[in-house]
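Notes for the one structure printed next.
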Amino acid sequence: MTQKSFPLTAEFIAAANTTAEQYANNYQQSIASSKASDNFWAERAEWIDWFKKPTKISDVSYDLDDFRIKWFEDGELNISVNCLDRHLRNNPYKPAIIWEGDHPSQHKIVSFKELHAEVCRLGNAMRKLGIKKGDRVTLYMPMIPEAMVAMLACARIGAVHSVVFGGFSADSLGNRIIDSQSKLVITADEGLRGNKHTPLKVNVDRALDMDGTQSVDKVIVVHRTGNSIPMSGRRDVWYHTLIGGESEHCEPEVMNAEDPLFLLYTSGSTGKPKGVLHTTGGYITYALSTFRDVFDIKDDDVYWCTADVGWITGHTYSTYGPLANGTTTVMFEGVPEYPTWARVGHIIDKHKISVLYTAPTAIRSMMKEGDTFVRESDRSSLRLLGTVGEPINPEAWDWYYHVVGGGRCPIVDTWWQTETGGILLAPIPGTVALKPGAAMNPLYGIKPEVVDSDGEVLEGPAEGNLAISNSWPGQMRTIYNDHQRFLQTYFTEYPGYYFTGDGAHRDEDGHYWITGRVDDVLNVSGHRLGTAEVESAVDAHPATVEAAVVGMPHDIRGVGIAAFIILRSGEVANEYLKSEINRHVRNEIGPIANLNAIYIVDALPKTRSGKIMRRILRNLAAGQYVGLGDLSTLADSSVINQIIEVVKVEREQNRNQC
Ligand code: PRX
Numbered sequence: 012m013t014q015k016s017f018p019l020t021a022e023f024i025a026a027a028n029t030t031a032e033q034y035a036n037n038y039q040q041s042i043a044s045s046k047a048s049d050n051f052w053a054e055r056a057e058w059i060d061w062f063k064k065p066t067k068i069s070d071v072s073y074d075l076d077d078f079r080i081k082w083f084e085d086g087e088l089n090i091s092v093n094c095l096d097r098h099l100r101n102n103p104y105k106p107a108i109i110w111e112g113d114h115p116s117q118h119k120i121v122s123f124k125e126l127h128a129e130v131c132r133l134g135n136a137m138r139k140l141g142i143k144k145g146d147r148v149t150l151y152m153p154m155i156p157e158a159m160v161a162m163l164a165c166a167r168i169g170a171v172h173s174v175v176f177g178g179f180s181a182d183s184l185g186n187r188i189i190d191s192q193s194k195l196v197i198t199a200d201e202g203l204r205g206n207k208h209t210p211l212k213v214n215v216d217r218a219l220d221m222d223g224t225q226s227v228d229k230v231i232v233v234h235r236t237g238n239s240i241p242m243s244g245r246r247d248v249w250y251h252t253l254i255g256g257e258s259e260h261c262e263p264e265v266m267n268a269e270d271p272l273f274l275l276y277t278s279g280s281t282g283k284p285k286g287v288l289h290t291t292g293g294y295i296t297y298a299l300s301t302f303r304d305v306f307d308i309k310d311d312d313v314y315w316c317t318a319d320v321g322w323i324t325g326h327t328y329s330t331y332g333p334l335a336n337g338t339t340t341v342m343f344e345g346v347p348e349y350p351t352w353a354r355v356g357h358i359i360d361k362h363k364i365s366v367l368y369t370a371p372t373a374i375r376s377m378m379k380e381g382d383t384f385v386r387e388s389d390r391s392s393l394r395l396l397g398t399v400g401e402p403i404n405p406e407a408w409d410w411y412y413h414v415v416g417g418g419r420c421p422i423v424d425t426w427w428q429t430e431t432g433g434i435l436l437a438p439i440p441g442t443v444a445l446k447p448g449a450a451m452n453p454l455y456g457i458k459p460e461v462v463d464s465d466g467e468v469l470e471g472p473a474e475g476n477l478a479i480s481n482s483w484p485g486q487m488r489t490i491y492n493d494h495q496r497f498l499q500t501y502f503t504e505y506p507g508y509y510f511t512g513d514g515a516h517r518d519e520d521g522h523y524w525i526t527g528r529v530d531d532v533l534n535v536s537g538h539r540l541g542t543a544e545v546e547s548a549v550d551a552h553p554a555t556v557e558a559a560v561v562g563m564p565h566d567i568r569g570v571g572i573a574a575f576i577i578l579r580s581g582e583v584a585n586e587y588l589k590s591e592i593n594r595h596v597r598n599e600i601g602p603i604a605n606l607n608a609i610y611i612v613d614a615l616p617k618t619r620s621g622k623i624m625r626r627i628l629r630n631l632a633a634g635q636y637v638g639l640g641d642l643s644t645l646a647d648s649s650v651i652n653q654i655i656e657v658v659k660v661e662r663e664q665n666r667n668q669c
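Numbering-wise, the working numbering puts 320 at position 309 of the sequence shown, and it's gapless, one number per residue.
If you want it as structure tokens, here you go:
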């Protein structure tokens with residue numbers, strides 16, 4: 012782990028919103044006591060437009076017998092008013108969204124006034140369809156402004172949105188609709204990325220053929236590519252027809268601070284993806300305030316977060332955080348390699364982007380193509396860079412810093428999770444020299460701890476599991492339909508703490524480095540997949556009996572997926588069957604679940620009680636055949652040799668093919 016640090020330029024420090032001293036003072040004040048923390052958050056809540064100001068700030072207990080997380084509980088507000096209406100007073104014509112289409116010839120600028128009008132029209136139309144406060148609405152959308160319009164329109168009328176990433180399969184979409192019992196789905200005819208079409212509406216039709224999706228009355232379809240798609244007369248309605256005659260005024264629903272805002276499904280270490288529930292007042296206060304701090308936001312910033320709206324980053328830091336601050340947010344429909352790998356640089360120049368927030372996996376894939384593409388652009392508008400989603404390796408950090416940012420722009424490495432709602436660890440720019448690969452410091456009001464496997468809190472430089480000992484307004488409130496699982500997953504491992512599922516190292520300067528997941532969650536290209544979820548998709552293929560899935564090192568994706576599979580007797584292991592199994596898994600979950608290595612084995616290493624020893628498989632998938640640790644609990648240690656043979660042969664073949 013490198014300890015090399017990069018001081019900030021004097022120019023950046025001089026213009027930064029926060030000084031090192033301010034950070035240190037504010038941070039200490041924000042965590043000094045629960046009273047001090049409430050005072051801090053009461054001040055931050057002043058940045059929100061409330062219908063009724065909260066008089067109570069926090070009411071939190073992590074004690075399982077008396078568990079509660081409430082923030083601003085008697086406050087009333089509407090998030091769309093905070094993201095839209097209040098900016099109309101001073102800045103109606105400022106761009107809210109700059110949309111860059113898949114093809115470089117297409118872009119669109121939507122002002123706050125225009126966005127407000129469209130959100131109101133859709134809000135009115137949804138109300139006429141019978142959607143009320145508390146109803147769930149599933150969004151399955153490409154990266155087009157209508158996706159943000161739909162989120163904000165839900166917020167306007169108090170409906171709870173559940174955005175499902177457009178890259179997920181019909182099955183994954185269907186399962187999320189079943190769990191949320193959505194009344195309405197909003198989608199587009201097709202998605203368009205890298206000139207490839209995704210059959211979004213066809214997937215919705217397939218999902219709605221699944222048992223348990225009968226809650227859905229209507230499907231609103233945005234016209235994106237114009238290719239012909241099946242429309243069912245009773246159920247499906249075109250977006251433009253629906254909102255055409257609607258008024259640009261829509262009375263915002265009065266929401267209690269603790270009313271739900273959205274559900275977002277994410278993978279855990281066991282079972283099906285869980286619906287992470289975020290509420291209104293705490294979430295928007297946290298989104299607004301962390302966005303302003305971490306990205307050092309100025310009025311004239313043009314900010315581009317490359318995340319899809321299907322992920323939490325696309326919620327908090329593409330949509331709600333920027334819009335609540337009145338910041339122009341850039342939305343890109345396409346992919347970094349289309350038409351060429353120079354695209355990202357061209358977009359930066361075209362829209363004069365000042366802050367760029369992206370994922371290490373995207374940085375690594377651009378880096379692999381060499382510097383020439385990036386150097387086609389001058390990128391002089393950039394002043395700050397950010398990363399999120401996975402640990403960034405020092406080479407990628409260096410390249411991002413020197414080549415993309417021209418050595419001028421600090422990098423904020425931001426650590427957080429779907430569950431946390433917003434960033435918890437990051438170097439607030441201007442306050443600290445950067446260490447490549449470190450998420451550095453806690454944000455205001457956050458008390459991180461490094462704990463060992465016995466739950467002992469470690470002091471000083473330490474390595475262990477990351478837990479948070481207090482609450483913050485943006486924290487998730489429950490798992491939809493499964494509060495017990497919520498308590499079990501996050502609050503039982505270390506009683507009195509929120510357990511993150513990540514490992515962390517705290518160095519001698521007190522800075523935090525995230526070392527990766529310590530549970531059975533894979534972080535593939537910055538996206539979460541549960542090993543259990545991938546295994547059950549492999550198991551569902553008719554040729555397989557059992558599978559074990561583990562992560563493996565991968566140059567671009569950070570973590571790749573390795574599957575060890577036992578076939579039914581009579582099935583023959585060959586390349587065709589393997590690609591068939593891979594196709595099946597991608598169909599069940601979506602292309603992000605691509606299997607990077609498939610090993611057909613006779614047996615899996617299991618303990619006498621039948622538990623798969625994944626630790627061993629992780630080592631083997633990484634090509635480590637010796638030093639496998641204690642094998643004494645294995646029911647039959649001879650299986651290891653057979654697996655090693657299979658892995659060696661496969662890896663050799665792959666090497667020859669490369
Ligand atoms: O393992 C951590 C990793 O991503 C996980 C959260 O994934 P998700 O809920 O999909 O949210 C991703 C975007 C916030 C974490 O448990 N992770 C996220 N950011 C970082 C990170 N790992 C290292 N460094 C980061 N900056």
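Every residue, glycine too, gets a C-beta built ideally from N, C-alpha and C. Keep in mind it's a predicted model, so treat the numbers as computed, not measured.
Please indicate yes or no: does the CB of residue i lie closer than 7 Å to some heavy atom of the ligand PRX?
i	result
residue 147	no
residue 495	no
residue 568	no
residue 402	yes
residue 186	no
residue 289	no
residue 461	no
residue 518	no
residue 33	no
residue 488	no
residue 286	no
Please report the Cβ distance between residue i and residue j, rounded to the nearest whole angstrom; I am assuming they are in contact, meaning their Cβ atoms lie under 8 Å.
i	j	result
residue 456	residue 298	With 8 Å as the limit, residue 456 and residue 298 do not qualify as a contact, their Cβ atoms being about 14 Å apart.
residue 385	residue 341	That belief does not hold up - the Cβ atoms of residue 385 and residue 341 are roughly 18 Å apart, past 8 Å.
residue 236	residue 200	6 Å
residue 301	residue 269	No, residue 301 and residue 269 are not in contact; Cβ-Cβ is about 20 Å, not under 8 Å.
residue 167	residue 89	7 Å
residue 452	residue 261	About 41 Å; that fails the 8 Å criterion.
residue 639	residue 627	5 Å
Using beta-carbon positions only, say whether residue i and residue j come within less than 8 Å of one another.
i	j	result
residue 232	residue 246	no
residue 671	residue 281	Because the chain spans 12 through 669 in this model, residue 671 falls outside it and cannot be assessed.
residue 576	residue 592	yes
residue 570	residue 278	no
residue 224	residue 286	no
residue 461	residue 475	yes
residue 365	residue 393	yes
residue 132	residue 181	no
Check residue i in the structure and name its three-state DSSP category.
i	result
residue 376	helix
residue 538	strand
residue 569	strand
residue 456	coil
residue 198	strand
residue 605	coil
residue 271	strand
residue 694	Nothing about residue 694 can be reported from this structure: the residues present for the chain run from 12 to 669 only.
residue 130	helix
residue 610	strand
residue 17	strand
residue 46	helix
residue 501	helix
residue 438	coil
residue 24	helix
residue 58	coil
residue 316	strand
Buried or exposed, going by whether 16 or more other CB atoms sit within 10 Å of the CB of residue i?
i	result
residue 57	exposed
residue 656	exposed
residue 659	exposed
residue 191	buried
residue 383	exposed
residue 401	buried
residue 559	buried
Below 7 Å, is the gap between the Cβ of residue i and the nearest heavy atom of the ligand FMN?
i	result
residue 323	Here the bound small molecules are the ligand PRX; the ligand FMN is not part of this structure.
Would residue i pass as an interface residue toward chain D - the criterion being a Cβ-Cβ separation below 8 Å?
i	result
residue 41	As a matter of chain content, chain D is missing from the structure shown, which is built from one protein chain.
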